[in-house]
Amino acid sequence: MSLMRVEEYLLKPKLQQSISKLLRTCFSQYPPHRTYLSQLPDFRLLWFSDEGTLLGHLAAEHRIMNANGAPVRVFGVADLCVLPESRKEGIATGLLHAVESLGRENRVEFVVLAAADQSWFARRGYQPVNGNFKWLMIHENQSLGIASRRLSQTIMIKPLGDTPWTEGPVDFLGHIF
426 MSLMRVEEYL LKPKLQQSIS KLLRTCFSQY PPHRTYLSQL PDFRLLWFSD
476 EGTLLGHLAA EHRIMNANGA PVRVFGVADL CVLPESRKEG IATGLLHAVE
526 SLGRENRVEF VVLAAADQSW FARRGYQPVN GNFKWLMIHE NQSLGIASRR
576 LSQTIMIKPL GDTPWTEGPV DFLGHIF
């Protein structure tokens, strides 16, 4: 098995098709023939079998967010998924470890993600963040406005260094990953 990091602008059509197929397999509501839900990521981590089959995917954005008035450097994670027949082989954990290592090497302070079921991520060191959040709502390639509301049991963070997360209002300074 092999792990590959590819910047979004370098994706070739054949690899885009493989990513789109995997996303549709893992997320039935995913738009057909697309490789993003709201916005293109900065890069992707892709896990391949020895035969070259795409088994796992993680999309990541590098950005500044505002946490309780302070700028924080984050990797926002989206679309973490693994082919159903390849689950429980450590692929998703390996993808998370890879993005965390990349972040630690490059002064990223936190990994941030949204998760409906937080238990799996909690076992890997992610912590829920509850509070008031602000983000850009995007649907079908259209900005719908700015949402500002309380979210609980949705957003999770993992510190990658010594910077503590400061509880308080959070502005994504863009869409939710």
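Numbering (the numbering used here), first residue to last: 426 to 602. Note that CB positions come from ideal geometry on N, CA and C, so glycine has one too.
Exercise for the section: Quickly, what does DSSP pair Ile601 with across the bridge? List them, please. Expected result: According to DSSP, Ile601 bridges with nothing at all.
Within the segment 469-553, ranges of the alpha helix (DSSP H) (whole runs, at least 4 residues): 516-530, 544-547
Practice item. Would you give the residue range spanned by the alpha helix (DSSP H) that Thr588 belongs to? Key: Careful: Thr588 lies outside any alpha helix (DSSP H) and carries neither H nor E.
**Study point:** Distance CB(Phe535)-CB(Trp560) smaller than 7 Å
**Key:** no
Q.
Could you give the first and the last residue of the continuous beta strand (DSSP E) run that contains Ser443?
A. Where Ser443 is concerned, there is no enclosing beta strand (DSSP E), although the alpha helix (DSSP H) it sits in stretches over 438-451.
Identity of the residue in Gly477, Val502, Leu435, Glu486 nearest Leu428 by Cα: Gly477
Beta-carbon proximity list for Glu592, same chain, < 8 Å, skipping 5 on both sides: Asn493, Val554, Gly556
With Asp475 and Met426 assumed to form a contact (beta carbons below 8 Å), what rounded beta-carbon distance in angstroms separates them?
-> 6 Å
With distance defined between alpha-carbon atoms, name the residue in Val537, Gly550, Pro496 nearest to Thr518. Gly550
Practice problem: Could you pull the start and end residues of the beta strand (DSSP E) that Arg459 belongs to? | Solution: No beta strand (DSSP E) contains Arg459, which DSSP labels as neither H nor E.
Beta-carbon spacing of Val533, Ile582 below 7 Å: no
*The beta strand (DSSP E) spanning Leu428 covers which residue range?*
427-432
Worksheet item: Excluding the five sequence neighbours on either side, which residues of its own chain have a C-beta within less than 7 Å of the C-beta of Gln441, listed in chain order?
Response: Thr460
Between Thr579, Arg574, Ser573, Ala539, which lies nearest to Phe602 when the distance is taken from Cα to Cα?
-> Ala539
Pop quiz: Phe468 and Arg430 are said to be a contact at Cβ under 8 Å. What is the actual Cβ separation, rounded to whole angstroms?
6 Å
**Own chain, CB closer than 7 Å to Ile516, minus 5 neighbours either side, in chain order** = Trp472, Leu480, Gly481, Val507
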